[in-house]
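Trainee: Line by line, the protein sequences are chains B and C.
1 is the number of the first residue of the first sequence in UniProt numbering; add one for each residue after it.
1 is the number of the first residue of the second sequence in UniProt numbering; add one for each residue after it.
Let me begin by handing over the structure; questions about it come next.
There are 2 protein chains.
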Amino acid sequence: MAERRSVDKRVTSHEVALRAGVSQSTVSRALAGDPRLSEATRLRVLEIARSLGYKPNAIARSLITKRTNIVGLVASNMANPFYPLVLEAFTQHLHSLGWRVLLFTAGSREDVDDLLPEVLAYQVDGLIIVSAAMSSRMARECVGRGTPVVLFNRYVPDSGASAVSCDNRGGGRKVAEALLRAGYRRLAYIAGREDASTSVDRERGFGEALLEHGVKTWLREPGNFSYEAGFNAAMRLLRLDEPPEAIFCANDITAIGAIDAARKLKVRVPEDLAVIGFDDIPAASWAAYNLTTVRQPIERMIEASVRLLLGRIEDPSLAAVNEFIPGELVRRGSARLDVAPKEG
Amino acid sequence: MAERRSVDKRVTSHEVALRAGVSQSTVSRALAGDPRLSEATRLRVLEIARSLGYKPNAIARSLITKRTNIVGLVASNMANPFYPLVLEAFTQHLHSLGWRVLLFTAGSREDVDDLLPEVLAYQVDGLIIVSAAMSSRMARECVGRGTPVVLFNRYVPDSGASAVSCDNRGGGRKVAEALLRAGYRRLAYIAGREDASTSVDRERGFGEALLEHGVKTWLREPGNFSYEAGFNAAMRLLRLDEPPEAIFCANDITAIGAIDAARKLKVRVPEDLAVIGFDDIPAASWAAYNLTTVRQPIERMIEASVRLLLGRIEDPSLAAVNEFIPGELVRRGSARLDVAPKEG
DNA sequence: CTGAAAGCGCTTACAG
DNA sequence: CTGAAAGCGCTTACAG
Numbered sequence: 001m002a003e004r005r006s007v008d009k010r011v012t013s014h015e016v017a018l019r020a021g022v023s024q025s026t027v028s029r030a031l032a033g034d035p036r037l038s039e040a041t042r043l044r045v046l047e048i049a050r051s052l053g054y055k056p057n058a059i060a061r062s063l064i065t066k067r068t069n070i071v072g073l074v075a076s077n078m079a080n081p082f083y084p085l086v087l088e089a090f091t092q093h094l095h096s097l098g099w100r101v102l103l104f105t106a107g108s109r110e111d112v113d114d115l116l117p118e119v120l121a122y123q124v125d126g127l128i129i130v131s132a133a134m135s136s137r138m139a140r141e142c143v144g145r146g147t148p149v150v151l152f153n154r155y156v157p158d159s160g161a162s163a164v165s166c167d168n169r170g171g172g173r174k175v176a177e178a179l180l181r182a183g184y185r186r187l188a189y190i191a192g193r194e195d196a197s198t199s200v201d202r203e204r205g206f207g208e209a210l211l212e213h214g215v216k217t218w219l220r221e222p223g224n225f226s227y228e229a230g231f232n233a234a235m236r237l238l239r240l241d242e243p244p245e246a247i248f249c250a251n252d253i254t255a256i257g258a259i260d261a262a263r264k265l266k267v268r269v270p271e272d273l274a275v276i277g278f279d280d281i282p283a284a285s286w287a288a289y290n291l292t293t294v295r296q297p298i299e300r301m302i303e304a305s306v307r308l309l310l311g312r313i314e315d316p317s318l319a320a321v322n323e324f325i326p327g328e329l330v331r332r333g334s335a336r337l338d339v340a341p342k343e344g
Numbered sequence: 001m002a003e004r005r006s007v008d009k010r011v012t013s014h015e016v017a018l019r020a021g022v023s024q025s026t027v028s029r030a031l032a033g034d035p036r037l038s039e040a041t042r043l044r045v046l047e048i049a050r051s052l053g054y055k056p057n058a059i060a061r062s063l064i065t066k067r068t069n070i071v072g073l074v075a076s077n078m079a080n081p082f083y084p085l086v087l088e089a090f091t092q093h094l095h096s097l098g099w100r101v102l103l104f105t106a107g108s109r110e111d112v113d114d115l116l117p118e119v120l121a122y123q124v125d126g127l128i129i130v131s132a133a134m135s136s137r138m139a140r141e142c143v144g145r146g147t148p149v150v151l152f153n154r155y156v157p158d159s160g161a162s163a164v165s166c167d168n169r170g171g172g173r174k175v176a177e178a179l180l181r182a183g184y185r186r187l188a189y190i191a192g193r194e195d196a197s198t199s200v201d202r203e204r205g206f207g208e209a210l211l212e213h214g215v216k217t218w219l220r221e222p223g224n225f226s227y228e229a230g231f232n233a234a235m236r237l238l239r240l241d242e243p244p245e246a247i248f249c250a251n252d253i254t255a256i257g258a259i260d261a262a263r264k265l266k267v268r269v270p271e272d273l274a275v276i277g278f279d280d281i282p283a284a285s286w287a288a289y290n291l292t293t294v295r296q297p298i299e300r301m302i303e304a305s306v307r308l309l310l311g312r313i314e315d316p317s318l319a320a321v322n323e324f325i326p327g328e329l330v331r332r333g334s335a336r337l338d339v340a341p342k343e344g
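What follows is the structure, encoded as structure tokens:
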């Protein structure tokens, strides 16, 4: 056997055909399960394919079918434990449906715009963009090539992209109403990034509900969805001459930082201060925090996103759709929502 | 314009060639930056390509070059905040080098084995498997097709796969030695999954060092790397007639659960109990936990993994390599390592 | 029921 | 400096 072997020993349908004594087309048909093939040939080809470890080259198939069965997933902000959960749920859901995921990370709309041409070069059949927007130019580009887009926890009206989001505004309202009902009056909001619709919408719902109930003013601190921002913002709030009785935070990590700041200042939670977050990440239910929060319905949001995306991949004539899925207020120990507060 | 337009408007090199009045090969060369092309044609072609929004089809290119520039990344255990960080670092590092990431999730060796044929069908140039192993059969399969594999925080000797891992055994030793030096004697280990080399090696190093210093026995509880497992295991340990003075946990999440259990039982950390973790996830430095832990050097581990993988992609004759990178003991508030404990 | 052939959109020797 | 042609590994009309 002085025969030269190529370095890479990937087996092709031609080799299978050779050994099976059939044409290459027949091999292709056997693996595709074409019903026209005779049982005998099909079994023989399959057996030989198996013994050689043959699997059709998905790249070659994609070129001819013009379908890669790949979804591009643009993720962001892995420092917030909510998003790894989203990422994992997306990949598992898509895999179970036979799809592959090409992963990218991008923090801002600009990153997304820079990245998208690279993603599109790989001919992804669809695009999921988590928690980041895109320019209308790039949105048009996607529409132009017929690549459907779903925005997750973001929306860009008239972009041609579908969007699935937690009802952040409604969530903010629920928090405001629960706090008011429990007698809290002096309230504060610690924001996330100002360019994030999640934070903006949560704040908007919160403020609207306060106004509707006659509460005209409240405190506000900027933030960026991080523990440190929550810690520092709460420090500033709690050192005020008239500190807030309750703080609503743009997300759970921020709320956790706020709780630690309160403890550092010997402000008791919930006796002296109520803290409410948004997301319901695993740490929210850790005993040290026991955080009251608005739970984002991850499973429903993922399910809706995938349904909308695959629907438009199958039928490109479908219109873009926006879905807002309500979150649920999860009552734990960081706020006394069922009784009037101490001085209420 | 009653002309029919195809649904998908992806532009090809042929269209660019047509408009530029050159051959399709010339378009390909212009975009590849072939130096033989005249400046004039190159610029003209590039300008037309730009105006049409043309980008070469990476799938077609891959078919001919037999290189996809895609790395398959098999991730696991997103519930442990350490791994999203790893995932993000990998994608960013690979992207900056011009590589794409095809993402899969798998919890066990069996999952990996089931998944790998799908990954390989996409002709990935290399494979990174995070925190899970693979059968030697699949490892052989990868070697056979010339697809290099790097295992991250796992190793499979003689598999042909490279491996990069934190020096878990050394980390366990450091913890044991620091505790003994500080005077702790009655010690415990809360394990992770028994099939995880990370947990096994940490425990081994811990036990070895104890034995070498004459400590012959210690307590042990099973676990699974989760908060709940840490909480429950610590509950059992602390209710013992002679509870441990210090608990070393297989990872940070487990340690955080253990701290919360201690607090629930009014056992003070670190006064009555030292708790030490492994990973140094962000939550380890949250004020509520202030966890002493062994930091895994993520950046160095990622850098080494990518270097080993790409090295073997460029030169398949390179041998598989195992690298163990030392972790650093980060001293925070959950253990008194610089003084003898109360009753020491 | 099966095969020969075309073609997906590129890259890259081979010519000139 | 540029073009015509082959070919990557498939799928899928088109024949028979």
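All C-beta atoms in this analysis are idealised placements derived from N, C-alpha and C, irrespective of residue type, glycine included.
To be precise: take each residue of the region 124-146 of chain C, compare its Cβ to all Cβ atoms of chain B, and keep it if any distance is under 8 Å. Which residues remain?
Mentor: Under the 8 Å Cβ criterion, the region 124-146 of chain C contributes 141, 144, 145, 146.
Trainee: Of all the CB atoms in chain C, is at least one closer than 8 Å to the CB of residue 189 of chain B?
Mentor: As a working mapping, residue 189 of chain B is identified with position 189 in the first sequence. False, the Cβ-Cβ gap to chain C never drops below 8 Å.
Trainee: Within 10 angstroms of the Cβ of residue 214 of chain C, are there 16 or more other Cβ atoms? Answer buried if so, exposed if not.
Mentor: Within the second sequence, the letter at position 214 stands for residue 214 of chain C. Exposed is the call here.
Trainee: Tell me the DSSP secondary structure of residue 212 of chain B in three-state form.
Mentor: Translated into positions along the first sequence, residue 212 of chain B becomes position 212. Residue state, collapsed to three classes: helix.
Trainee: Would you say residue 79 of chain B lies against chain C (beta-carbon separation less than 8 Å)?
Mentor: Numbered from its first residue, the first sequence carries residue 79 of chain B at position 79. It does: the Cβ of residue 79 of chain B has a partner Cβ on chain C nearer than 8 Å.
Trainee: Keeping to the same chain, check which residues put their C-beta closer than 8 Å to that of residue 36 of chain C; ignore five residues upstream and five downstream.
Mentor: Here residue 36 of chain C refers to the residue found at position 36 when the second sequence is read from its first residue. Closer than 8 Å at Cβ, skipping near neighbours: 29.
Trainee: If we call anything under 8 Å between Cβ atoms a contact, is residue 160 of chain C one with residue 124 of chain C?
Mentor: Sequence index remark: in the second sequence, residue 160 of chain C carries index 160 (1-based). Sequence index remark: in the second sequence, residue 124 of chain C carries index 124 (1-based). Result no, Cβ atoms of residue 160 of chain C and residue 124 of chain C do not sit closer than 8 Å.
Trainee: For chain B, is any of its Cβ atoms less than 8 Å away from the one on residue 266 of chain C?
Mentor: Locating residue 266 of chain C in the second sequence gives position 266, counting from the first residue. Chain B contact via Cβ: absent.
Trainee: So that I know if they touch, is there some Cβ in chain C lying closer than 8 Å to that of residue 53 of chain B?
Mentor: Walking along the first sequence from the start, residue 53 of chain B turns up at place 53. True, the Cβ-Cβ gap to chain C drops below 8 Å.
Trainee: So, is residue 230 of chain B buried or exposed, given that buried needs 16 or more other C-beta atoms within 10 angstroms?
Mentor: Residue numbering aside, residue 230 of chain B sits at position 230 when the first sequence is read from its first letter. Flag for residue 230 of chain B reads buried.
Trainee: Is the CB-CB distance between residue 280 of chain C and residue 260 of chain C below 8 Å?
Mentor: One-based indexing of the second sequence puts residue 280 of chain C at position 280. One-based indexing of the second sequence puts residue 260 of chain C at position 260. Their beta carbons are not under 8 Å apart, which means residue 280 of chain C does not touch residue 260 of chain C by this criterion.
Trainee: For residue 143 of chain B, which three-state DSSP category applies?
Mentor: Taking the first sequence and counting its residues from 1, one reaches residue 143 of chain B at position 143. Of the three classes helix, strand and coil, the one that applies to residue 143 of chain B here is helix, per DSSP.
Trainee: Residue 5 of chain C to residue 250 of chain B, Cα distance in whole Å?
Mentor: Numbered from 1 along the second sequence, position 5 holds the residue referred to as residue 5 of chain C. Numbered from 1 along the first sequence, position 250 holds the residue referred to as residue 250 of chain B. Residue placement at residue 5 of chain C is flagged as unreliable, the pLDDT there being 37, under the threshold of 50; the coordinate-derived value follows with that caveat. If I take the Cα positions, the gap works out to 47 Å.
Trainee: According to DSSP, which residues form a beta bridge with residue 276 of chain B?
Mentor: Counting from 1 along the first sequence, the entry for residue 276 of chain B is found at position 276. Paired residue(s): B/248, B/292.
Trainee: Can you tell me the Cβ-Cβ gap for residue 200 of chain B and residue 152 of chain B, rounded? I've got them flagged as a contact below 8 Å.
Mentor: Here residue 200 of chain B refers to the residue found at position 200 of the first sequence. Here residue 152 of chain B refers to the residue found at position 152 of the first sequence. Not quite, the Cβ-Cβ distance comes to about 16 Å (not below 8 Å), so this is no contact.
Trainee: What did DSSP end up calling residue 353 of chain B once you bin it into helix, strand or coil?
Mentor: Here chain B covers residues 1 to 344 and nothing more, so residue 353 of chain B does not appear.
Trainee: Using the rule of at least 16 other Cβ atoms within 10 Å of the residue's Cβ for burial, across every protein chain shown, is residue 18 of chain B buried or exposed?
Mentor: Against the first sequence, residue 18 of chain B aligns to sequence position 18. The residue in question, residue 18 of chain B, is exposed, as its Cβ has fewer than 16 Cβ neighbours within 10 Å.
Trainee: Given this structure, state the Cα-to-Cα distance separating residue 20 of chain C from residue 40 of chain C, to the nearest angstrom.
Mentor: On the second sequence, position 20 is the one that residue 20 of chain C refers to. On the second sequence, position 40 is the one that residue 40 of chain C refers to. The straight-line gap from Cα to Cα measures roughly 11 Å.
Trainee: Output the distance between the C-alpha atoms of residue 234 of chain B and residue 257 of chain B, rounded to the nearest integer angstrom.
Mentor: Translated into the one-based positions of the first sequence, residue 234 of chain B becomes position 234. Translated into the one-based positions of the first sequence, residue 257 of chain B becomes position 257. Near 8 Å, if we compare the C-alpha coordinates of residue 257 of chain B and residue 234 of chain B.
Trainee: What residue does the beta strand (DSSP E) around residue 11 of chain B start on, and which one ends it?
Mentor: Taking the first residue of the first sequence as 1, we reach residue 11 of chain B at position 11. No beta strand (DSSP E) holds residue 11 of chain B; DSSP gives it neither H nor E.
Trainee: Please report the straight-line C-alpha distance between residue 238 of chain B and residue 284 of chain B, rounded to a whole angstrom.
Mentor: Taking the first sequence and counting its residues from 1, the one referred to as residue 238 of chain B is at position 238. Taking the first sequence and counting its residues from 1, the one referred to as residue 284 of chain B is at position 284. Rounded to whole angstroms, residue 238 of chain B to residue 284 of chain B spans 21 Å at the Cα level.
Trainee: Which residues in chain C have a C-beta closer than 8 Å to the C-beta of residue 62 of chain B? List them in chain order.
Mentor: Taking the first residue of the first sequence as position 1, residue 62 of chain B is located at position 62. Under the 8 Å cutoff, chain C gives 59.
Trainee: Against chain C, does residue 114 of chain B count as a neighbour if the rule is that its beta carbon must be under 8 Å from one of theirs?
Mentor: As a position in the first sequence, residue 114 of chain B is number 114, starting the count at 1. No, residue 114 of chain B lies away from the interface with chain C (no Cβ there is under 8 Å from its Cβ).
Trainee: Measuring alpha carbon to alpha carbon, tell me which of C/320, C/58, C/23, C/59 ends up nearest residue 42 of chain C.
Mentor: One-based indexing of the second sequence puts residue 42 of chain C at position 42. Taking only the C-alpha atoms, the option nearest residue 42 of chain C is C/23.
Trainee: With DSSP as the reference, label residue 341 of chain B as helix, strand or coil.
Mentor: As a position in the first sequence, residue 341 of chain B is number 341, starting the count at 1. With a pLDDT of 48 at residue 341 of chain B, under the threshold of 50, the modelled position of this residue cannot be trusted; read the value that follows with caution. Residue 341 of chain B falls in the coil class under three-state DSSP.
Trainee: Measure from the C-beta of residue 33 of chain C to each C-beta in chain B and report whether the shortest distance is under 8 Å.
Mentor: The sequence position of residue 33 of chain C within the second sequence is 33, counting from 1. No, no contact with chain B.
Trainee: Do residue 304 of chain B and residue 156 of chain B have their C-beta atoms within less than 8 Å of each other?
Mentor: As a first step, residue 304 of chain B is located in the first sequence; it is residue number 304 there, counting from the start. As a first step, residue 156 of chain B is located in the first sequence; it is residue number 156 there, counting from the start. Taking 8 Å as the Cβ cut-off, residue 304 of chain B and residue 156 of chain B do not qualify as a contacting pair.
Trainee: Using the rule of at least 16 other Cβ atoms within 10 Å of the residue's Cβ for burial, across every protein chain shown, is residue 89 of chain B buried or exposed?
Mentor: Here residue 89 of chain B corresponds to residue number 89 of the first sequence, with the count starting at 1. With 16 or more other Cβ atoms within 10 Å, it is buried.
Trainee: Could you compute how far the alpha carbon of residue 223 of chain B sits from the alpha carbon of residue 134 of chain C?
Mentor: Here residue 223 of chain B refers to the residue found at position 223 of the first sequence. Here residue 134 of chain C refers to the residue found at position 134 of the second sequence. Cα to Cα, the separation comes out at about 43 Å.
Trainee: Since residue 95 of chain C meets chain B, which of its residues come closer than 9 Å, beta carbon to beta carbon?
Mentor: Position 95 of the second sequence holds residue 95 of chain C. Neighbours of residue 95 of chain C on chain B, chain order: 104, 105, 115, 118.
Trainee: In chain order, which continuous runs of the beta strand (DSSP E) of length 3 or greater are located wholly inside the region 297-338 of chain C?
Mentor: List check, beta strand (DSSP E) in window: 322-325, 328-330.
Trainee: Against chain B, with Cβ distances strictly below 8 Å, would residue 256 of chain C count as a contact?
Mentor: Numbered from its first residue, the second sequence carries residue 256 of chain C at position 256. With 8 Å as the cut-off, residue 256 of chain C counts as an interface residue toward chain B.
Trainee: Determine the direct distance from the alpha carbon of residue 147 of chain C to that of residue 141 of chain C, and round the result to whole angstroms.
Mentor: In the second sequence, the residue the question calls residue 141 of chain C occupies position 141. In the second sequence, the residue the question calls residue 147 of chain C occupies position 147. Each residue's alpha carbon lies about 9 Å from the other.
Trainee: Answer yes if the region 75-86 of chain B comes into contact with the region 62-71 of chain C, meaning at least three C-beta pairs across the two stretches below 8 Å, and no otherwise.
Mentor: With the cut-off at 8 Å, the region 62-71 of chain C and the region 75-86 of chain B do not touch.
Trainee: 8 Å is my cut-off, CB to CB: does residue 10 of chain B come that close to chain C?
Mentor: Translated into the one-based positions of the first sequence, residue 10 of chain B becomes position 10. Closer than 8 Å to some Cβ of chain C, the Cβ of residue 10 of chain B qualifies, so yes.
Trainee: Run down chain C in chain order and give the residues with a C-beta less than 7 Å from the C-beta of residue 84 of chain B.
Mentor: Position 84 of the first sequence, counted from the start, is the residue given in the question as residue 84 of chain B. Neighbours of residue 84 of chain B on chain C, chain order: 78, 84.
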